[in-house]
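The sequence shown begins at -6 in this note's numbering and counts up one residue at a time. Even for Gly, the Cβ is constructed at its ideal location relative to N, Cα and C. Remember, it's a predicted structure, so these values are computed and weren't measured experimentally.
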Amino acid sequence: MTDESAGQDIRLYGLSKYYGDFRALDDVNLHVAAGEFLTLLGPSGSGKSTLLMALAGFVEPTHGDIFVGGSSITALAPEKRDFGVVFQGYALFPHMTVAGNVGYPLKVRGLGKPEIAAKVRDALDLVQLGHLATRLPKQLSGGQQQRVALARALVFSPKMLLLDEPMGALDKKLRHDLQLELRQLHRRLGRTFVNVTHDQEEAMAMSDRIAIMRAGKIEQLGAPRALYDAPETRFVADFLGKSNFIEGKVTGIDAGIATLDTADGPVVHALGTRPAGIGDSLLLALRPQKLMLGPGPNSRKATVETAIFLGTHAEVSLRCASGLALALNLGIENAQALPAEGTTVELGWDPAATVAVRPD
Ligand code: ADP
Ligand code: MG
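What follows is the structure, encoded as structure tokens:
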């Protein structure tokens, strides 16, 4: 299965899908590199499944074109597209054994029995289920069933794998294990994977790049770290991890550091690569773990509303004098000494900790 050529690239040009007047996909342009693991991440209803179904050929786009490896596949029937698919609705056949399920796409393609048996064995080994080949789906755990679905999608060595919330029904621990397996599988196979999820941790854990979807459009596309550190909009800053938001007007700029007038007094903010001028209104995003207790830059006082110890870290909810709520995370090294609820604390943050984002 690994001996054949690697994945192919996918290009979407102006892809739209209307249901009546409703635009489920709105002029999407996207390039997925050959061999890339790309995740479409967004809230329910943002168009992720519609985009994946259009790729697979189960949804006909209203406008736009899809190219794979340089050729248009827009008019090609699904079975001619060479995508392996793991969709939620694509359940295993309950009356067929694991081997029967995995071999099914090969049977449909008219392969001979010995060839099917050999490929099924390879595919099951790939997902570490070789020992369960004769079982029925109902005799498997949820995670094992998902792995069978994965083996079935990979058995005919597709150049691309499409996954729609493949771990949707699994509990947290199992999801985590399968995420790591899928990531390793991708690295080993070198195929192009397009994955859909609404779970930001899953997207961060597995993907080379993430496309954040909102209302049928890609709002921002980038490597997980780049998206997390440099969100362009309020939506992205809040969807990929949590953020605090502070509004202010620029009153001065000195050596790349802007001073803003905010409801809780002045704030200093490093502009970085995002220019601003005096008089501009800015919306600053600030990660909860970038807030620090004690005096420092951007010092201010706040009341502790709740302080919760969560094992690996602690979450503290604070209220500033203006009424602004701030979430603060303390790492494990500071989480033991939590401030008491109801007390007033001093807090601050580095001027480089804030990122100016576009409001919605
Ligand atoms: P996601 O996978 O991000 O949750 P979908 O792509 O399934 O979102 O759906 C995007 C939007 O398109 C939703 O508002 C959904 O209700 C709508 N939609 C999807 N399929 C159809 C359909 N067959 N007819 C009408 N509306 C649809
Ligand atoms: Mg969906």
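- Counting only residues of its own chain and dropping the five nearest sequence neighbours on each side, Ala116 has a CB closer than 8 angstroms to the CB of Met(-6), Val95, Ala144, Arg145, Leu147 and Val148.
- Separation of Phe30 and Ala204 (C-alpha to C-alpha, rounded to the nearest whole angstrom) is 11 angstroms.
- Residue nearest to Tyr221 within the set Arg207, Leu279 and Gln138 is Leu279 (criterion: CA-CA distance).
- The residue from Leu156, Ala208 and His306 with its alpha-carbon nearest to that of Phe80 is Leu156.
- The beta carbon of Ala196 sits closer than 6 angstroms to those of Thr32, Leu34, Thr190 and Ile203, all from its chain and outside the five residues before and after it, given in chain order.
- Judged by the Cβ position, Val348 fails to qualify as a neighbour of the ligand MG at the 7 angstroms threshold, every heavy atom of the ligand being at least this far.
- Apart from sequence neighbours up to five positions away, the residues of its chain that approach Leu23 with a beta-carbon distance below 7 angstroms are Leu5, Ala204 and Ile211, ordered along the chain.
- In the displayed model, Ser315 falls within coil according to three-state DSSP, outside both helix and strand.
- With a beta-carbon spacing of about 6 angstroms, Ser65 and Asp58 fall inside the 8 angstroms limit used to define contacts.
- Sorted by chain position, residues whose beta-carbon lies closer than 5 angstroms to a non-hydrogen atom of the ligand ADP are Tyr12, Ala17, Ser37, Gly38, Ser39, Gly40, Lys41, Ser42 and Thr43.
- In this structure, the ligand MG has no non-hydrogen atom nearer than 7 angstroms to the beta-carbon of Val52.
- Spanning the alpha carbons of Leu276 and Phe232 requires a straight line of approximately 16 angstroms.
- Looking at the DSSP output, Leu156 bridges to Val79 and Asn188.
- Here Thr266 is not bridged, per DSSP, to any residue.
- Given a length threshold of 3 residues, each whole run of the beta strand (DSSP E) inside the stretch 24 to 59 is given here in chain order: 30 to 34.
- For the 8 angstroms CB-CB criterion, Pro288 and Trp342 do not form a contact.
- Distances taken from the Cβ of Val21 to the heavy atoms of the ligand MG include none shorter than 7 angstroms.
- Contact between the stretch 228 to 245 and the stretch 255 to 267 is present: 3 or more CB-CB pairs across the two stretches fall below 8 angstroms.
- When the Cα atoms are used, Gly183 and Gly0 turn out to be separated by approximately 6 angstroms.
- Relative to Ala208, the option among Gly272, Ala219 and Ser9 whose CA is nearest is Ser9.
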